[in-house]
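Peer 1: Sharing a structure here in structure tokens format.
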Amino acid sequence: MNNYKDFEVKDWLEDLKFRRWVYQGESDLFFKNIIENNPHQIPVMDQAREILLSMRGELDILTETEVGARVSEIMESLPGADLPHFQWWKGNWLRIAAMLILALGIGFGLYKKRGAFEDIRFSLAEKVKPRKVKHMRITNQTDGIQLVNLPDGSSVVLKPNARITYPDRFENNKREVTMAGEAFFEVVKNPSRPFFVYAGSMVTKVKGTSFSIRANEGDDEVKLVVKSGIVEVSAIETKDIQTGREPKKLLLKRNEQVTFNQKNKSMTARILSKPVLLDLPVEKQDFEFKRTPLSDVFILLEQTYGVVIRFDINAISNCTLTAKLGDEPVAEKMDMICSVVNAKYVLRDGAITVISQGCD
Amino acid sequence: MSLIPVKHSEILPEAYLVTRWRQFCTGDKSAFAEITELNYASLYHYGTRFTADRDLIKDCLQDLFLAIWEKRESLSDVAAIRPYLFQSLRNNLVRRNRRQSVFSEISGNEPFDDISPESDWIINETDQLTSSRLRQAIDSLPKRQKEALYLKYYENLSYDEIAVVMGLQRQAVANYLQYGIQKLREQWHHAAVFLTFLSSFFCF
Numbered sequence: 109m110n111n112y113k114d115f116e117v118k119d120w121l122e123d124l125k126f127r128r129w130v131y132q133g134e135s136d137l138f139f140k141n142i143i144e145n146n147p148h149q150i151p152v153m154d155q156a157r158e159i160l161l162s163m164r165g166e167l168d169i170l171t172e173t174e175v176g177a178r179v180s181e182i183m184e185s186l187p188g189a190d191l192p193h194f195q196w197w198k199g200n201w202l203r204i205a206a207m208l209i210l211a212l213g214i215g216f217g218l219y220k221k222r223g224a225f226e227d228i229r230f231s232l233a234e235k236v237k238p239r240k241v242k243h244m245r246i247t248n249q250t251d252g253i254q255l256v257n258l259p260d261g262s263s264v265v266l267k268p269n270a271r272i273t274y275p276d277r278f279e280n281n282k283r284e285v286t287m288a289g290e291a292f293f294e295v296v297k298n299p300s301r302p303f304f305v306y307a308g309s310m311v312t313k314v315k316g317t318s319f320s321i322r323a324n325e326g327d328d329e330v331k332l333v334v335k336s337g338i339v340e341v342s343a344i345e346t347k348d349i350q351t352g353r354e355p356k357k358l359l360l361k362r363n364e365q366v367t368f369n370q371k372n373k374s375m376t377a378r379i380l381s382k383p384v385l386l387d388l389p390v391e392k393q394d395f396e397f398k399r400t401p402l403s404d405v406f407i408l409l410e411q412t413y414g415v416v417i418r419f420d421i422n423a424i425s426n427c428t429l430t431a432k433l434g435d436e437p438v439a440e441k442m443d444m445i446c447s448v449v450n451a452k453y454v455l456r457d458g459a460i461t462v463i464s465q466g467c468d
Numbered sequence: 021m022s023l024i025p026v027k028h029s030e031i032l033p034e035a036y037l038v039t040r041w042r043q044f045c046t047g048d049k050s051a052f053a054e055i056t057e058l059n060y061a062s063l064y065h066y067g068t069r070f071t072a073d074r075d076l077i078k079d080c081l082q083d084l085f086l087a088i089w090e091k092r093e094s095l096s097d098v099a100a101i102r103p104y105l106f107q108s109l110r111n112n113l114v115r116r117n118r119r120q121s122v123f124s125e126i127s128g129n130e131p132f133d134d135i136s137p138e139s140d141w142i143i144n145e146t147d148q149l150t151s152s153r154l155r156q157a158i159d160s161l162p163k164r165q166k167e168a169l170y171l172k173y174y175e176n177l178s179y180d181e182i183a184v185v186m187g188l189q190r191q192a193v194a195n196y197l198q199y200g201i202q203k204l205r206e207q208w209h210h211a212a213v214f215l216t217f218l219s220s221f222f223c224f
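Residue numbers (our numbering), protein chains in the order written: chain U, 109 to 468; chain W, 21 to 224.
Shown next as structure tokens:
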């Protein structure tokens, strides 16, 4: 199972999770943790990393926008719409075309007045940008906790009545969500796409961490406690209009709490002995397992995240897990567990179904 | 709450992809669009290993996806989707090259290895490889070995899937991979001097 400390170069090369770390930067905390606990592994991991990078060779990647454009091109050159299915690409182009015609009309009107033309070009550029983003809004109407999986794989645990709004796909350079109520976040590490949480008049910026927020509507205060990583909080305005100064920012580490006053935008920080704000099981859980029966692991995850995990108790009766899972989102935790016990899982309609061949 | 599509094809559960593939085979255009979108970037990257001609790769990809749409009904028994797409792109690139090779006088004997005369399996100078010896080592490997390593370690394909993509026997794939890894590791021992310098990379 998890005998990383004895790994040789070839073991690292064969380790899918390690490869994803090298190539995609996933599970960064997990591997930093391994390095910290096993410094003798550094040269071995280094060698494996170099070999993997040499296998990949020069990185020549397309942006999401470019891929999107290519796909549209392909979809448009398909022979006639012979089957009446949902055609998202058409609706979108129609809308853009309609906007263009409208904009041209306005442009022509304004052209006679010259001066206004410059300004309109700016707003036009913004509007013509292909937008097929749909906003999802989820409110936990149950009595218990509810798990929300974001499009980037991050997890949010909502307490009753808490609400989150997010796009069905995040932008290329940032991930933005809006929330109200009480929630716990586990954010997928991705330094090139910072993750922003807007709650009341406070904005929180992270790159990949876990933390709790309490932002109940009507309250004067928003509170945030960090479970892992580093979090940056500030007031929502970008600049103080009168003084022209940037708003004050506060950096918080593990076990630190900030209280944000919505009225005067002041922030007070303090250190807690435990990173608990909302009294959620997930805040206290360190996910450390030693030869724990897999069914117990699943039951713990169910309770911690309020998610249903379906599994065949007989099939996994011989499986145990020894691992420290840390603060990865649920999907990453499941990836990891499944790679260790040689199983597969499907996440659908908020429930996880595990298919396992069993363990020896 | 419903399933939210994730961008990287690797994160999506296999079962979901298989379902979408089946829907595509029965003529579902939204499933087809999603399959195209999920696989485009990695197929493109694979294409850049063969040729520096980006437009050629894009043309081949367009042909590939239009072709699979045309014959969608006959594709419902394709079990391994990604290997099938990789194999098709490879064949497309090779076929295009044969046509071009009439003019550029490339020998037709081992066409896979010489699709573009100037750059195949490019390892760029700007890549962050700290060990130049390792770069030399990978450059010195036969192209097919490099390709097998790429498919196994970067694209996570199995031996059988690589065999399908490259049109080889499974055993040949195993040999390529074993020999390739061995060569790269040997090279490392020569480059051991760099180690202390490199390990600073991890200490932040």
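Virtual Cβ for every residue (Gly too), placed ideally from N, Cα, C. As the structure is a computational prediction, the values presented were derived from the model and not from experiment.
Are the beta-carbon atoms of glycine 337 of chain U and alanine 323 of chain U separated by less than 8 angstroms?
Peer 2: Against the first sequence, residue 337 of chain U aligns to sequence position 229. Against the first sequence, residue 323 of chain U aligns to sequence position 215. Against a cut-off of 8 angstroms, the Cβ pair of alanine 323 of chain U and glycine 337 of chain U comes out as no contact.
Peer 1: Counting along the chain, where does the alpha helix (DSSP H) carrying glycine 67 of chain W start and finish?
Peer 2: In the second sequence, the residue the question calls residue 67 of chain W occupies position 47. That run of the alpha helix (DSSP H) goes 49 to 68.
Peer 1: Assign leucine 105 of chain W to one of two classes, buried (16 or more other C-beta atoms within 10 Å of its C-beta) or exposed (fewer than that).
Peer 2: On the second sequence, residue 105 of chain W is found 85 positions in, with the first residue counted as 1. Classification of leucine 105 of chain W: buried, given that the 10 Å Cβ count is 16 or more.
Peer 1: Using a C-beta cutoff of 8 angstroms, does leucine 433 of chain U count as contacting chain W?
Peer 2: Residue numbering aside, residue 433 of chain U sits at position 325 when the first sequence is read from its first letter. Judged by the 8 angstroms Cβ criterion, leucine 433 of chain U is not in contact with chain W.
Peer 1: Under 8 angstroms between C-beta atoms, does asparagine 112 of chain W make it to chain U?
Peer 2: Here residue 112 of chain W is taken as the residue at index 92 of the second sequence, counted from 1. By this cut-off, asparagine 112 of chain W is not an interface position.
Peer 1: To the nearest angstrom, how far is the alpha carbon of asparagine 298 of chain U from that of valine 241 of chain U?
Peer 2: Locating residue 298 of chain U in the first sequence gives position 190, counting from the first residue. Locating residue 241 of chain U in the first sequence gives position 133, counting from the first residue. Going by the C-alpha atoms only, they are around 21 angstroms apart.
Peer 1: Closest to serine 160 of chain W by C-alpha separation, out of W:Leu177, W:Ala194, W:Gln207, would be which residue?
Peer 2: By 1-based counting over the second sequence, the position of residue 160 of chain W is 140. If we check each option's Cα against that of serine 160 of chain W, W:Gln207 comes out closest.
Peer 1: Whose Cβ in chain U lies nearer than 7 angstroms to the Cβ of leucine 169 of chain W?
Peer 2: The sequence position of residue 169 of chain W within the second sequence is 149, counting from 1. Under the 7 angstroms cutoff, chain U gives Met163.
Peer 1: Whole angstroms are fine: how far does the CA of alanine 451 of chain U sit from the CA of lysine 392 of chain U?
Peer 2: Here residue 392 of chain U is taken as the residue at index 284 of the first sequence, counted from 1. Here residue 451 of chain U is taken as the residue at index 343 of the first sequence, counted from 1. Near 27 angstroms, if we compare the C-alpha coordinates of alanine 451 of chain U and lysine 392 of chain U.
Peer 1: With a 10 Å radius around its C-beta and 16 neighbouring C-beta atoms as the bar for buried, classify leucine 109 of chain W as buried or exposed.
Peer 2: Position 89 of the second sequence, counted from the first residue, corresponds to residue 109 of chain W. It is buried - the Cβ of leucine 109 of chain W has at least 16 other Cβ atoms within 10 Å.
Peer 1: From the beta carbon of alanine 61 of chain W, is the nearest beta carbon of chain U less than 8 angstroms away?
Peer 2: Counting from one through the second sequence, the residue named residue 61 of chain W turns up at place 41. Yes - at least one Cβ of chain U is within 8 angstroms of the one on alanine 61 of chain W.
Peer 1: May I ask you to list the residues that DSSP assigns as paired with isoleucine 417 of chain U?
Peer 2: Translated into positions along the first sequence, residue 417 of chain U becomes position 309. Bridge partners of isoleucine 417 of chain U: U:Ile460.
Peer 1: DSSP three-state label for phenylalanine 126 of chain U, please.
Peer 2: The count along the first sequence starts at 1 and reaches residue 126 of chain U at position 18. Three-state DSSP puts phenylalanine 126 of chain U in a helix.
Peer 1: Enumerate in chain order the residues of its own chain whose CB-to-CB distance from aspartate 123 of chain U is below 6 angstroms, with the five nearest sequence positions on each side excluded.
Peer 2: As a first step, residue 123 of chain U is located in the first sequence; it is residue number 15 there, counting from the start. None.
Peer 1: Glycine 261 of chain U lies in the beta strand (DSSP E); which residues open and close that run?
Peer 2: Your numbering for residue 261 of chain U matches position 153 in the first sequence. From DSSP, glycine 261 of chain U is part of no beta strand (DSSP E); its letter is neither H nor E.
Peer 1: What whole-angstrom Cβ distance do arginine 362 of chain U and valine 334 of chain U have, given they're in contact under 8 angstroms?
Peer 2: Numbered from 1 along the first sequence, position 254 holds the residue referred to as residue 362 of chain U. Numbered from 1 along the first sequence, position 226 holds the residue referred to as residue 334 of chain U. Their Cβ separation, rounded to whole angstroms, is 6 angstroms, which keeps arginine 362 of chain U and valine 334 of chain U in contact under 8 angstroms.
Peer 1: With 16 as the cutoff for other CB atoms within 10 Å, does arginine 155 of chain W come out buried or exposed?
Peer 2: The sequence position of residue 155 of chain W within the second sequence is 135, counting from 1. The residue is buried, with at least 16 neighbouring Cβ atoms inside 10 Å.
Peer 1: Quick one: what does DSSP say threonine 250 of chain U is sitting in, helix, strand or coil?
Peer 2: For the purposes of this step, residue 250 of chain U is taken as the residue at position 142 of the first sequence. Reduced to three states, the DSSP call for threonine 250 of chain U is coil.
Peer 1: Less than 8 angstroms separating the beta-carbons of serine 262 of chain U and valine 296 of chain U?
Peer 2: Taking the first sequence and counting its residues from 1, the one referred to as residue 262 of chain U is at position 154. Taking the first sequence and counting its residues from 1, the one referred to as residue 296 of chain U is at position 188. Yes.
Peer 1: Counting only Cβ pairs nearer than 7 angstroms, list the residues of chain U close to arginine 155 of chain W.
Peer 2: Numbered from its first residue, the second sequence carries residue 155 of chain W at position 135. The answer, in chain order, is Ser162.
Peer 1: Count the other CB atoms, across all protein chains shown, that sit within 10 Å of the CB of alanine 51 of chain W; report buried if there are 16 or more and exposed otherwise.
Peer 2: As a first step, residue 51 of chain W must be located in the second sequence, where it is residue number 31. Its Cβ being crowded by 16 or more others within 10 Å, alanine 51 of chain W is buried.
Peer 1: Considering only the alpha carbon of each residue, which of W:Asn176, W:Thr68, W:Ala99, W:Val193 lies closest to valine 38 of chain W?
Peer 2: As a position in the second sequence, residue 38 of chain W is number 18, starting the count at 1. Of W:Asn176, W:Thr68, W:Ala99, W:Val193, the residue nearest in Cα terms is W:Ala99.
Peer 1: I'd like to know if aspartate 420 of chain U contacts chain W, where contact means its C-beta is closer than 8 angstroms to some C-beta of that chain.
Peer 2: Along the first sequence, one-based indexing puts residue 420 of chain U at 312. It does not; no Cβ of chain W falls within 8 angstroms.
Peer 1: Near lysine 267 of chain U, what residues of its chain come up, given a Cβ to Cβ distance below 8 angstroms and the 5 sequence neighbours on each side ignored?
Peer 2: Translated into the one-based positions of the first sequence, residue 267 of chain U becomes position 159. Same-chain partners within the cutoff: Asn248, Ile253, Gly289, Glu290, Ala291, Leu386, Leu388.
Peer 1: Please compile the residues from chain W whose C-beta is within a distance smaller than 8 angstroms of the C-beta of glutamate 181 of chain U.
Peer 2: Working through the first sequence from its first residue, we reach residue 181 of chain U at position 73. Near glutamate 181 of chain U (Cβ distances below 8 angstroms), the residues of chain W are Gln82.
Peer 1: Return the chain-ordered ranges of every alpha helix (DSSP H) run that is complete within the segment 157 to 192 of chain U and spans a minimum of 4 residues.
Peer 2: For the segment 157 to 192 of chain U, whole alpha helix (DSSP H) runs of length 4 or above, ordered along the chain, are 172 to 184.
Peer 1: Please check if any C-beta of chain U sits within less than 8 angstroms of the C-beta of glutamate 41 of chain W.
Peer 2: If you number the second sequence from 1, residue 41 of chain W lands on position 21. Inspection of the sequence shows that residue 41 of chain W is occupied by tryptophan rather than by glutamate. It does not: the Cβ of tryptophan 41 of chain W has no partner Cβ on chain U nearer than 8 angstroms.
Peer 1: So the alpha helix (DSSP H) arginine 40 of chain W belongs to, where does it begin and stop?
Peer 2: As a working note, residue 40 of chain W is residue 20 in the second sequence. Arginine 40 of chain W -> alpha helix (DSSP H) spans 34 to 45.
Peer 1: Count the C-beta pairs between the segment 170 to 185 of chain W and the segment 157 to 176 of chain U that are closer than 8 angstroms, then say yes if the count reaches three, no if not.
Peer 2: Touching, yes, given that three or more Cβ pairs across the two stretches are closer than 8 angstroms.
Peer 1: What residues are listed by DSSP as bridge partners for tyrosine 453 of chain U?
Peer 2: What you label residue 453 of chain U is simply residue 345 of the first sequence in a count that begins at 1. Note: tyrosine 453 of chain U sits in a beta bridge opposite U:Val462.
Peer 1: Is serine 185 of chain U close to chain W, meaning its C-beta is less than 8 angstroms from at least one C-beta of that chain?
Peer 2: Your numbering for residue 185 of chain U matches position 77 in the first sequence. Yes, serine 185 of chain U lies at the interface with chain W (some Cβ there is under 8 angstroms from its Cβ).
Peer 1: In whole angstroms, give me the CA-to-CA distance for valine 405 of chain U and glutamate 116 of chain U.
Peer 2: Reading the first sequence from its first residue, position 297 is the one you call residue 405 of chain U. Reading the first sequence from its first residue, position 8 is the one you call residue 116 of chain U. In a straight line, the C-alpha of valine 405 of chain U is about 28 angstroms away from that of glutamate 116 of chain U.
Peer 1: Distance cutoff 8 angstroms, beta carbons only. Does proline 162 of chain W sit that close to anything in chain U?
Peer 2: In the second sequence, residue 162 of chain W corresponds to position 142, counting from 1. Cβ-Cβ to chain U under 8 angstroms: no for proline 162 of chain W.
Peer 1: Whole angstroms are fine: how far does the CA of asparagine 422 of chain U sit from the CA of glutamine 365 of chain U?
Peer 2: Translated into the one-based positions of the first sequence, residue 365 of chain U becomes position 257. Translated into the one-based positions of the first sequence, residue 422 of chain U becomes position 314. Spanning the two alpha carbons is a distance of roughly 44 angstroms.
Peer 1: Classify threonine 71 of chain W as helix, strand or coil using the three-state DSSP reduction.
Peer 2: The residue given as residue 71 of chain W occupies position 51 in the second sequence. Reduced to three states, the DSSP call for threonine 71 of chain W is coil.
Peer 1: Should valine 438 of chain U go down as buried or exposed, given a rule of 16 or more other Cβ atoms within 10 Å for buried?
Peer 2: As a first step, residue 438 of chain U must be located in the first sequence, where it is residue number 330. So valine 438 of chain U counts as buried.
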